Amino acid sequence: MQTVTEIVIDFSGSMRERLALTKEILLYDVIPNLDFASRIGIKTFYGNPKDNNALVVGEVLPLSICRSEDLVQAISQLGVPDGNSPIAEAISNSVASLKEFRTFDKKIILITDGEDNCGGDYELEARKAGEAGFFCEIHIIGIGLTTGEMEKAQRISDLTNGSFSNVDFYKGLTYSQAGIKESLTKFKQAMNVVSKANIPPQYTAKAIPSIHPPLGPQATNSNSSTTPDAQIIVSVDDDEEEKLYIQQVPDEEETIVEMDKNSIKEQLLENENVLRKVVEELASIKSDIKEIKSSKIRLENEDTTVQGDEELNEEIRSKSEAYLFGYLKKKYADRVVWLNEEEESYSDHDFEIVDIDSDTVEYFIECKGTLKDKRTFYLTKGEWRRFLNHTKNYQVYLIHNVFDNPSHIFIDNLLDWLLKGKVVPYLLNNEKVKAERITLTVVD
């Protein structure tokens with residue numbers, strides 16, 4: 001499920017001497033624990049004492065899918081706190097702004113140094129939202145709260161399935177002290193919860209009985225002159241040799257038939273010949289199956305970057321990037337930077353479009369080439385991390401037919417294509433893929 005998170009900062013006058021510490025906590029403990037593929041917003045609030053403590057909300061960063069750089073810049077530019085603390089009204093305001101995201105997981109991160117001093121009750125506001133069927137996690141980071149304030153904050157976090165952390169504060173306190181990080185352990189744990197499926201014991205490997213009958217000598221009656229009937233079971237596995245299991249099948253109503261020794265020997269020889277022919281036939285069938293599988297893999301690889309052929313892979317990369325460089329030069333002229341122009345840079349992207357005036361990167365571009373018109377491509381761990389940190393300006397060009405009349409699919413915003421279902425995170429056909437690769441397929 002998608003997530004929407006609003007960071008709400010108490011900007012009352014008493015937060016003024018705590019602002020430097022608040023910024024450090026936001027930069028080094030809050031932001032690194034957020035999901036940058038989700039919508040994130042930042043607000044400040046205070047009560048205007050000149051207007052009967054009316055709520056004043058400052059929208060520092062609108063709710064949107066943003067980059068870590070956007071959050072850092074917004075926090076770094078926070079002004080000077082002033083006014084009173086209408087916490088209850090601020091929470092009510094944030095809850096109202098999140099109501100449109102009905103199908104999202106909703107989270108409010110409240111950073112405050114005290115209790116509501118404008119006559120509100122933010123515990124009551126949290127209860128009202130829940131009773132109205134609107135559920136929103138509230139995570140409170142307190143800066144020097146009193147015992148009473150901590151108890152109330154803890155109740156609210158419990159009520160909303162959020163978290164509460166408190167950082168002791170005194171004048172001169174600096175972020176470098178290890179105790180601050182330790183104080184925020186609960187917040188970090190809450191923001192990084194991964195639910196685990198409860199697997200019933202009857203589905204565990206130990207609970208699954210063996211499908212093969214046990215091998216070994218069967219108990220026989222030394223007084224009997226008969227040979228029990230036998231059930232022959234042949235198991236063929238792709239990666240193993242044929243296995244023959246013979247299971248004795250007792251017959252309670254078996255009639256004892258006297259046979260002379262010669263008849264028994266003849267029957268055994270005949271059975272042995274039949275069994276040998278069966279095993280030979282199965283071996284032939286197994287060989288045919290392996291040949292069919294090998295042929296299928298060869299056919300699939302004709303349309304896939306050959307994982308083991310480094311020379312071919314390098315040629316595909318070089319041809320596709322050269323094609324894209326020519327295309328981008330026509331579009332952006334001298335603003336194009338080809339990172340692999342001289343040699344493979346092993347960077348987590350291939351091209352940059354720079355803003356010459358500000359000397360900043362406007363777009364990060366990844367180039368993926370295929371031999372034919374395959375619509376699946378792969379990102380490495382580093383490339384995926386680059387995408388997550390730059391969702392607003394990360395683009396992909398998928399180059400088809402790199403050796404013969406190349407063309408391309410342009411993914412102007414990979415995250416937008418994923419959210420709209422135009423790109424899906426799975427294969428459409430069976431395929432062998434290298435480890436630590438993210439698989440993406442264009443379906444639009």
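Residue numbers (the UniProt record's numbering): 1 to 444.
Using N, Cα and C, we set each Cβ at its ideal position, and we do this for glycine too.
In this text, all values refer to a predicted model and were calculated from it rather than measured experimentally.
Should residue i and residue j be called a contact, given that it needs their Cβ atoms to be closer than 8 angstroms?
| i | j | result |
| --- | --- | --- |
| E115 | E149 | yes |
| G41 | P86 | no |
| I141 | S157 | no |
| C136 | G47 | no |
| K372 | H400 | yes |
| I25 | I109 | no |
| S12 | N84 | yes |
| K422 | V443 | yes |
| I31 | S68 | yes |
| E362 | N393 | yes |
| A74 | L61 | yes |
| I316 | L379 | no |
| F45 | D70 | no |
| L415 | P425 | no |
| A54 | V95 | no |
| Y122 | A88 | yes |
| V167 | I143 | yes |
| R18 | F169 | yes |
| I65 | T391 | yes |
| K368 | L398 | yes |
| V72 | L27 | yes |
| A190 | G162 | yes |
So residue i is in the alpha helix (DSSP H); what residue range does that whole segment cover?
| i | result |
| --- | --- |
| Y28 | That residue, Y28, is in no alpha helix (DSSP H); it is neither H nor E in DSSP. |
| I75 | 68-76 |
| Y122 | 122-131 |
| D158 | 147-159 |
| residue 467 | Outside the modelled stretch of the chain, which goes from 1 to 444, sits residue 467, for which no answer is possible. |
| K106 | From DSSP, K106 is part of no alpha helix (DSSP H) but of the beta strand (DSSP E) over 105-112. |
| L98 | 87-98 |
| L419 | 414-419 |
| F187 | 185-191 |
So residue i packs on residue j, CB below 8 angstroms; how close in whole Å?
| i | j | result |
| --- | --- | --- |
| H349 | E383 | 7 angstroms |
| K188 | N33 | 6 angstroms |
| S406 | Y346 | The sequence shown places Pro at residue 406, rather than the Ser named in the question. So it is not a contact: roughly 24 angstroms between Cβ atoms. |
| T22 | M15 | 7 angstroms |
| F104 | T3 | 6 angstroms |
| R127 | L98 | Actually they are not in contact, since the Cβ atoms of R127 and L98 sit about 16 angstroms apart, beyond 8 angstroms. |
| residue 446 | V336 | Residue 446 cannot be examined here, being either before or after the span of the chain that is shown, 1 to 444. |
| F364 | L328 | At roughly 13 angstroms, the Cβ-Cβ gap does not stay under 8 angstroms, so F364 and L328 are not in contact. |
| T376 | L428 | 7 angstroms |
| F403 | K319 | 6 angstroms |
| K181 | D29 | 7 angstroms |
| I356 | Y332 | So it is not a contact: roughly 10 angstroms between Cβ atoms. |
| V57 | K43 | 6 angstroms |
Exposed or buried, what is residue i when buried is set at 16 or more other beta-carbons lying within 10 Å of its beta-carbon?
| i | result |
| --- | --- |
| E266 | exposed |
| T360 | exposed |
| V306 | Reliability of the predicted coordinates at V306 is poor, the pLDDT of 45 falling under 50, and the value obtained from them is presented with this limitation in mind. Exposed, since its Cβ has fewer than 16 Cβ neighbours within 10 Å. |
| V433 | exposed |
| G79 | exposed |
| V274 | exposed |
| D113 | buried |
| L145 | buried |
| K106 | buried |
| L269 | exposed |
| S358 | exposed |
Quick one: give me the first and last residue of the beta strand (DSSP E) that residue i is part of.
| i | result |
| --- | --- |
| G47 | 39-48 |
| H137 | It is worth fixing the name first, because residue 137 is Glu in this sequence and not His. 137-143 is the extent of the beta strand (DSSP E) around E137. |
| V16 | Val is not the amino acid found at residue 16; the sequence shown has Arg there. Note, R16: premise wrong, no beta strand (DSSP E); not H, not E. |
| S64 | 54-65 |
| R437 | 437-442 |
| T376 | 376-380 |
| Y175 | Premise fails: Y175 is in no beta strand (DSSP E) and is neither H nor E. |
| H408 | 407-411 |
| F169 | No beta strand (DSSP E) holds F169; DSSP gives it neither H nor E. |
Comparing the C-beta of residue i with each C-beta of chain B, is any distance below 8 angstroms?
| i | result |
| --- | --- |
| S64 | Reference to chain B is not applicable here, since this structure consists of a single protein chain. |
Would you check whether the ligand ADP has a heavy atom nearer than 7 angstroms to the C-beta of residue i?
| i | result |
| --- | --- |
| A153 | In the structure on display, the ligand ADP does not appear, and there are no ligands present to speak of. |
3 or more residues per run - each beta strand (DSSP E) lying fully within the segment 285-373: 336-338, 351-355, 360-369
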